[in-house]
DNA sequence: CCTTGCCTTGACGTCGGCGACAAGGTTTAG
DNA sequence: CTAAACCTTGTCGCCGACGTCAAGGCAAGG
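Residue numbers (the working numbering), protein chains in the order written: chain S, 68 to 197; chain X, 68 to 197.
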């Protein structure tokens, strides 16, 4: 399988695949003419990468999962390093959820307050404007 | 008030203030020697900017609030354009909260699953390892 | 032979809000 | 006179996951 086919089958771009390779996540072989050649296993690896990136992981976070898959596991999650990352990420997400919740609260307050005190540049609308 | 003092009083940096100016958010006067001179009103403006940026707004989002303050309002929130932005941002935050909640859910599932099926590279732990 | 459509390796652009220099002018205190 | 501590404009760096050319090689069909 060449890079174009893998990209399509994995739902990504050739550029991304080369990028992953440059960062040591994917290791294709090379045919005589220098083309990258991937086997079926790499498809799963790439899909794992995509799935994790989509969830907000960075490339560094993804590495343990790839290694885990390469070690022969059916899931990239089951290795200790992966679990560590999962825990950390979960904590990060929780923290972010808290922050966002606070922000949401503030925005809501700000908004209701703004609507209550609608535009009071000069207090000359005692009764009703116009 | 010169830029250094304003920066300190607003809890930011001179670099940031010049940046805001370059993007049309702050308009200082100039003294004879070319120094930027700010009045007290600008302090409020800058604080408004900082507060909104801290909440995740972009500079473009902040503009209406600054204009609202400049229009003489005690709060930057009360003008219609500000309200529009507030609504939009609230919606964005809500959407992001949903996404993040889903992500959290998935991570949680993945984690518990990973812990349940701890590392099964080769099924040779029928009874107990070691 | 020529075109089409793959593939290769660079290398710069993106987005945002600044940080961190560089090289210089101004004002004040000693 | 000089050093200190302000100020000025200008420019590059950052972070991350790529997008987007650019310039060229290789394979196959007409």
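Note that the Cβ used here is the ideal one computed from N, Cα and C, for glycine as well.
Proximity to residue i [Cα-Cα], best of the options
i                      : options                    : result
residue 148 of chain X : X/102, X/120, X/167, X/131 : X/131
residue 117 of chain S : S/87, S/179, S/134, S/105  : S/87
residue 120 of chain X : X/83, X/162, X/69, X/145   : X/83
residue 136 of chain S : X/141, X/181, X/71         : X/181
residue 108 of chain X : X/93, X/81, X/129          : X/93
residue 99 of chain S  : S/73, S/127, S/69, S/140   : S/69
residue 174 of chain S : X/73, X/145, X/104         : X/145
residue 177 of chain X : S/172, S/183, S/184, S/150 : S/150
residue 123 of chain X : X/185, X/152, X/102        : X/152
residue 138 of chain S : X/172, X/165, X/186        : X/186
residue 169 of chain S : X/127, X/170, X/160, X/169 : X/160
residue 184 of chain S : X/73, X/75, X/143          : X/143
residue 127 of chain S : S/89, S/104, S/96          : S/89
residue 77 of chain S  : S/166, S/163, S/106        : S/106
Contact list for residue i against chain X, beta-carbon separation under 7 Å
i                      : result
residue 149 of chain S : 181
residue 144 of chain S : 177, 180, 181
CB contact check: residue i to chain S, cutoff 8 Å
i                      : result
residue 120 of chain X : no
Cutoff 8 Å: residue i Cβ touching any chain X Cβ
i                      : result
residue 125 of chain S : no
residue 155 of chain S : no
residue 184 of chain S : yes
residue 73 of chain S  : no
Neighbour list for residue i in chain X, Cβ cutoff strictly below 8 Å
i                      : result
residue 198 of chain S : Within the shown structure, residues of chain S are numbered from 68 to 197, placing residue 198 of chain S beyond reach of any answer.
residue 136 of chain S : Correct list: empty, because the minimum Cβ distance to chain X is about 11 Å.
Chain-ordered chain S contacts of residue i [CB-CB under 7 Å]
i                      : result
residue 167 of chain X : 160, 163, 164, 167
Amino acids of chain S, ordered along the chain, whose beta-carbon sits closer than 8 Å to that of residue i
i                      : result
residue 174 of chain X : 122, 153, 156, 157, 160
Can you list the alpha helix (DSSP H) stretches of 4 or more residues lying completely in the region 80-134 of chain X, in chain order? Counting whole runs of 4 or more residues, the region 80-134 of chain X contains the alpha helix (DSSP H) stretches 81-89, 107-121.
Evaluate contact between the region 104-119 of chain S and the region 146-164 of chain X, counting only Cβ atoms and requiring at least three cross-stretch pairs below 8 Å. A contact between stretches requires three or more CB pairs, one per stretch, nearer than 8 Å, and the region 104-119 of chain S fails this requirement with the region 146-164 of chain X.
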